[in-house]
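Residue numbers (this note's numbering): 104 to 347.
No residue lacks a Cβ here, since even glycine has one placed at the ideal position from N, Cα and C.
Worksheet: one structure, shown below.
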Ligand code: UDP
């Protein structure tokens with residue numbers, strides 16, 4: 104592929120390129136309710152990957168003909184801002200962004216009780232502020248918080264993380280370098296309380312055993328991310344209630 108000459112060694116003495124252990128998440132930050140004009144919002148960082156999510160709705164559907172009589176229509180737009188990548192990203196929607204918008208919507212839809220709001224729309228906007236791998240799973244994690252912040256009834260929160268295989272080792276929460284030079288990457292999202300996987304993609308090749316190991320590692324990471332989501336919601340809502 105020509106890349107091999109420059110390919111960095113991804114595991115040195117059992118540690119990853121950024122010093123993490125194979126089963127270690129990046130430092131995670133979450134804040135809920137960061138935008139005044141959206142019905143719900145959240146900003147989430149996994150290391151250098153930083154994503155903002157905003158939710159509007161349930162609200163009147165425009166154009167009217169896309170409305171559904173038995174539930175809310177859920178729309179999602181994932182976008183990478185021009186300054187979010189090392190090389191300027193064109194502001195025109197790419198095929199990748201269109202595909203990821205659909206994939207992210209499908210990962211969130213099972214959690215939303217859309218049947219409670221027929222003939223309305225719920226709009227989810229995901230803006231990647233800084234990209235360093237795992238933007239779709241960080242976007243899903245942020246959007247779930249923004250949906251909860253908007254007061255939209257949900258079956259559970261959705262949390263996501265990408266696992267991968269780098270230098271033959273299965274690792275949690277891969278960054279961009281690991282995504283680029285690793286042997287496989289596998290983004291996963293789930294509703295941990297309900298026990299349902301809502302996103303599972305695999306790019307690259309894993310053996311059956313490696314796949315089982317990778318999925319178990321992802322689900323353990325998702326559990327931790329889920330606890331952080333609940334803490335972030337409590338931080339906003341418990342302190343607000345106390346002030347009242
Ligand atoms: N990336 C980029 N420009 C692009 C697409 C991707 O710089 O147009 C980088 C970015 O850091 C992203 C990573 O490559 O997080 C991996 O992209 P992928 O398509 O695998 O999706 P992600 O891991 O972000 O969900």
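* What does residue 309 pair with, by DSSP beta-bridge criteria? -> DSSP output for residue 309 lists no bridge partner at all.
* **Span separating the alpha-carbon of residue 205 from that of residue 179** => Those two C-alpha atoms are separated by around 7 Å.
* In chain order, what residues of the same chain have a beta carbon less than 7 Å from the beta carbon of residue 288, not counting five sequence neighbours either side? -> So the list reads 265, 267, 277, 282, 306, 307, once near-sequence residues are dropped.
* Asked: Who are residue 228's beta bridge partners in DSSP?
  -> Residue pairing of residue 228 in beta bridges, as defined by DSSP: 157, 180.
* Enumerate in chain order the residues of its own chain whose CB-to-CB distance from residue 153 is below 6 Å, with the five nearest sequence positions on each side excluded. => Non-local beta-carbon contacts of residue 153 in its own chain, meaning distances under 6 Å to residues more than five positions away in sequence, involve 232, 233 in chain order.
* Asked: Is the region 187 to 200 touching the region 155 to 165 in the sense that three or more CB pairs, one from each, lie closer than 8 Å?
  -> The region 155 to 165 vs the region 187 to 200: no contact.
* Would you report the Cα separation of residue 351 and residue 198, rounded to the nearest angstrom? -> Only positions 104 to 347 of the chain appear in this structure, which leaves residue 351 out of reach.
* **residue 292, enclosing beta strand (DSSP E) - first and last residue** => Under the DSSP assignment, residue 292 falls in the beta strand (DSSP E) whose first and last residues are 287 to 294.
* Asked: Do you know offhand how far residue 229's Cα is from residue 151's?
  -> Residue 229 and residue 151: Cα-Cα distance of roughly 16 Å.
* Asked: When the Cα of residue 217 is compared with those of 202, 304, 257, which residue comes out closest?
  -> Among 202, 304, 257, the Cα nearest to that of residue 217 is on 257.
* Asked: Would you report the Cα separation of residue 318 and residue 183, rounded to the nearest angstrom?
  -> The straight-line gap separating the alpha-carbon atoms of residue 318 and residue 183 is approximately 27 Å.
* Asked: Hey, would you say the C-beta of residue 205 is under 6 Å away from at least one heavy atom of the ligand UDP?
  -> No - the ligand UDP has no heavy atom lying nearer than 6 Å to the Cβ of residue 205.
* Asked: At what residues does the alpha helix (DSSP H) containing residue 206 begin and finish?
  -> Start and end: 198 to 211.
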